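What follows is a single structure, written as structure tokens, with notes after it.
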Amino acid sequence: MRIFRALLGMSVAGACALAVLPGVALAAPAAPYTVLTVNLGLHEPTPVSGSAVYDSSNATMDAAASAGDWLRLTAILPDRYVRIDTAAPAGQAWTAGQTYPTVRAGRAAGEALFDMSTAGNGCAYGSGSITVRQVARDADTGLMTAFAASYEFRCDRDVEMMTGELRWNSSVDYVAPVADPGRLNFGSVDVAEQRSRTVRVRSLGSTPSTFGAAGIAGEHASAFAVTADTCAGRTLTAGAECTVTVVSKATTPGSFVAALRLPDNSSTGHWSIPVEVSAIRSVVGTYYPMTTPTRIMDTRTGNGTVKGKIGAGRTAFLQVAGRDTLPRNGIGAVVLNVTVIGPTANGFVTVHPAGEALPTASTINFAKGWLGSNNTTVKLGTTGAVSVYNRNGETDVVIDVIGFYAGDESMSFERGMGGQVQWYEPYRVMDTRTRGLIPAGGEFNAWIDFHAYNPKVRGLILNITAVNPQQAGFLTSWSGEVPRPNASTVNYGAGTVVPNLAYVKTMPCPEGSCNGATGAARYRFYTSATTHIVVDLVGVVDDGTEVDGMRFTPMSPTRIVDSRIGQGLPTALGAHEAGKVTAPAAMLTDATQVLAMNVTAVAPTTNTVVTVWPADTGRAKPNASNLNPAPGQVVSNGVLGVLGPQDAFYIDNLSGRTHLVADVTGTFQVYAGTAAGSRRTGRPAVAGSGWTPSTS
């Protein structure tokens, strides 16, 4: 701290409050003026954090002059102070109209001193210039009695200068626009979002402020844009205000700083404040697979709930968040495999967010004595739980959690970036009917090769069908990186054709395996009974970076089709008949591409196949199935309902006549942070697929 011989000192006292200025016209400051203005611009926030005007309206202004044309001016605020120390070059006196180079310390010949500091925050090195506008001295002592100057100051070799005006007991007018806020910090903003902030600009100088058009300056100017400007072309008298609106529009992750610059009639020609944003790639809506499918409810054993069947009209509460390896916070929705065992009556089970009213929707439909499962994605209630409702009779229910979708950014700190979903037109990757039955107890690897896309693949979304099992049993699919889990993917009866949607975590094929497809996405199967297995690829979970990746937005189950009452479809579909369903606009955004649905066939008149595919694309019906119901059966399956350009999908019935029901549990939107700019019609091609013989 410098020691001043304070031969002359004075204090200009004012209200010790930060200036959030009233919106009424103010009288212009009257001479003599004691004021400090700071125009931070692109300078780092050291030693001050933002642009500001300090005068008697918002601070106590304390000034002290001493020999050698030294001046200390301090703006004292309730929580801090801002101080200027300045002195003429050694052996010289200030001369009005002259500009001097400045340094913070160690002056060479001809260099003036200029330093800015705040409580606990100063500069190790400082440089710039000062232009003297006025200097007055006492005739007897020679000490300064008034001073006015404009300054430029660079702290610690910052690449940019801050500028401002300095007045002490001066009659020299000044232009002083002030902004609220004085530093525009957008905080953390998703690259998919354009966040808007408005800056209020007021004139506090003795001379009115006249403005040109606002703009963004600096290396990272492209990360921001001015979207509205009521200041351009205006002259503001004291207390009058205008506004400038800025939007952050960074498209890549990173920290970006620029300056909002407003041309004016000040000595520097412009006023500016820093604008900054920390652009992030959001994890909300991305998918995180469990290491292996994990059982979190089994009414037969009391796992996760009270032991015993769920009665008619009864609801079981199931806590999901925090169970096993699931995070306690940050989950938006979970992917579940729901299995019904030994129901005593025809009925259905609905899994929905805990704490919400029972929706008009079903998760799994069944006949008396049935054993079966269905994959569903369920939004979690506010406590991280779901409710499991049984309509008729009594039934055991088993639930395995396969993975989850992030509901907020906290997941990024715990798990990093999740995966995005890429939808695929159904593509058959496995059909054991071409090579023979898989024997009971059979455990084997399967894989899909995407060539250059392989490193981005984290999981597969498959429609897995058990075809004509020789007895009742189950299939399990998992990554194969750990032993077979105590979980099921498809539950089947003897002689049936049973599909189920499955999210399957994958691992890369090691070198020398998968028939030479090193790096291909590998997964593993187990079947408890001898059966054929058919697998259709309907989606891929990527690493969170692939173009046109989709994020999931969960919703409470919502019925959009029930042909029994003419909702969505006018009536039951006949043989070889396709109905067109348009998704309700209320559940869509411009980026929505896929509906997460539960589709139910109701009492078909014969064995049939139900297929869903996007409408209005010119594509023929794919050679794949979503449901394979038997006569009179009421059966459901999870479906990724891809929407065509008119936000619609087709649903086709192959044989006989059947009613259809569809419930939506969420939507998939293209994430703007990785969007290609238009709806993509293709996906990275499947280069090959295969499976190894059973290792039973």
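Using mature numbering (1 follows the signal peptide of the UniProt record, and there is no 0), the letters of the sequence shown correspond one by one to residues -27 to -1, 1 to 669.
Ideal placement from N, C-alpha and C gives every residue a C-beta, glycine not left out.
All figures in this text were calculated on a predicted structure; none of them were measured in a lab.
{"Check": "Which residues does DSSP pair with residue 128 in a beta bridge?", "Outcome": "99"}
{"Check": "Would the segment 602 to 614 and the segment 459 to 474 be scored as touching if the rule is three or more Cβ pairs under 8 Å?", "Outcome": "yes"}
{"Check": "Is residue 552 buried or exposed, if buried means 16 or more other CB atoms sit within 10 Å of its CB?", "Outcome": "buried"}
{"Check": "Considering only the beta carbon of each residue, do residue 44 and residue 120 sit closer than 7 Å?", "Outcome": "yes"}
{"Check": "Mind reading off the beta-carbon distance from residue 143 to residue 6? Whole number of angstroms is fine, and I expect it under 8 Å.", "Outcome": "5 Å"}
{"Check": "Any idea what DSSP makes of residue -6, helix, strand or coil?", "Outcome": "In this prediction, residue -6 has a pLDDT of 38, which is less than 50 and means its spatial position is unreliable; what the coordinates show is noted afterwards. Residue state, collapsed to three classes: coil."}
{"Check": "At 3 residues or longer, and completely inside the segment 219 to 287: list those beta strand (DSSP E) runs for me, N to C.", "Outcome": "227 to 236, 243 to 253, 260 to 271"}
{"Check": "In three-state terms, what does DSSP make of residue 429?", "Outcome": "helix"}
{"Check": "Going by beta-carbon coordinates alone, are residue 184 and residue 237 separated by less than 7 Å?", "Outcome": "yes"}
{"Check": "With H, G and I counted as helix, E and B as strand and the rest as coil, what does DSSP make of residue 681?", "Outcome": "Since the first and last residues shown for the chain are -27 and 669, residue 681 lies out of range."}
{"Check": "Please list, in chain order, all residues of the same chain as residue 645 whose beta carbon is under 6 Å from its beta carbon, the five residues on each side excluded.", "Outcome": "165"}
{"Check": "When the Cα of residue 110 is compared with those of 39, 275, 535, which residue comes out closest?", "Outcome": "39"}
{"Check": "Which residues bound the beta strand (DSSP E) around residue 168?", "Outcome": "168 to 176"}
{"Check": "When the Cα atoms are used, what is the spatial distance from residue 241 to residue 30?", "Outcome": "24 Å"}
{"Check": "For residue 604, which residues in the same chain have their Cβ closer than 7 Å to its Cβ, ignoring the five residues on either side in sequence?", "Outcome": "577, 578, 579, 580"}
{"Check": "Taking the DSSP output, what are the residues bridged to residue 661?", "Outcome": "422"}
{"Check": "Within its chain, find whatever has a CB closer than 6 Å to the CB of residue 58; leave out the 5 residues flanking it on each side and keep chain order.", "Outcome": "45, 88"}
{"Check": "What does the Cβ neighbour count give for residue 443, buried or exposed, with the cut at 16 atoms within 10 Å?", "Outcome": "exposed"}
{"Check": "Measuring only from the beta carbon, is residue 1 closer than 6 Å to any heavy atom that is part of the ligand FMN?", "Outcome": "With respect to the ligand FMN, the structure offers nothing, as it holds no ligand at all."}
{"Check": "In terms of residues, what are the limits of the alpha helix (DSSP H) holding residue 495?", "Outcome": "Premise fails: residue 495 lies in the beta strand (DSSP E), 494 to 500, not in any alpha helix (DSSP H)."}
{"Check": "How should residue 712 be labelled, buried or exposed, when 16 other C-beta atoms within 10 angstroms of its C-beta is the threshold for buried?", "Outcome": "Examination of residue 712 is not possible in this model, given that the chain is present from -27 through 669 alone."}
{"Check": "Cutting at 7 Å between CB atoms, please list the residues of its own chain near residue 205, excluding the five before and the five after it.", "Outcome": "184, 185, 186, 187"}
{"Check": "Mind reading off the beta-carbon distance from residue 529 to residue 316? Whole number of angstroms is fine, and I expect it under 8 Å.", "Outcome": "Their Cβ separation, rounded to whole angstroms, is 25 Å, which puts residue 529 and residue 316 out of contact at 8 Å."}
{"Check": "How big is the Cα-Cα spacing for residue 148 and residue 235?", "Outcome": "13 Å"}
{"Check": "Within 10 angstroms of its Cβ, does residue 275 collect 16 or more other Cβ (buried), or is it exposed?", "Outcome": "exposed"}
{"Check": "In three-state DSSP terms, what is residue 184?", "Outcome": "coil"}
{"Check": "To which residues of the same chain is residue 63 closer than 7 Å at the C-beta, ignoring the five residues directly before and after it?", "Outcome": "80"}
{"Check": "Please classify residue 294 as buried or exposed, where buried requires at least 16 neighbouring CB atoms within 10 angstroms.", "Outcome": "buried"}
{"Check": "For residue 413, does the three-state DSSP call read helix, strand or coil?", "Outcome": "coil"}
{"Check": "Using only the alpha-carbon positions, how far apart do residue 70 and residue 107 sit?", "Outcome": "8 Å"}
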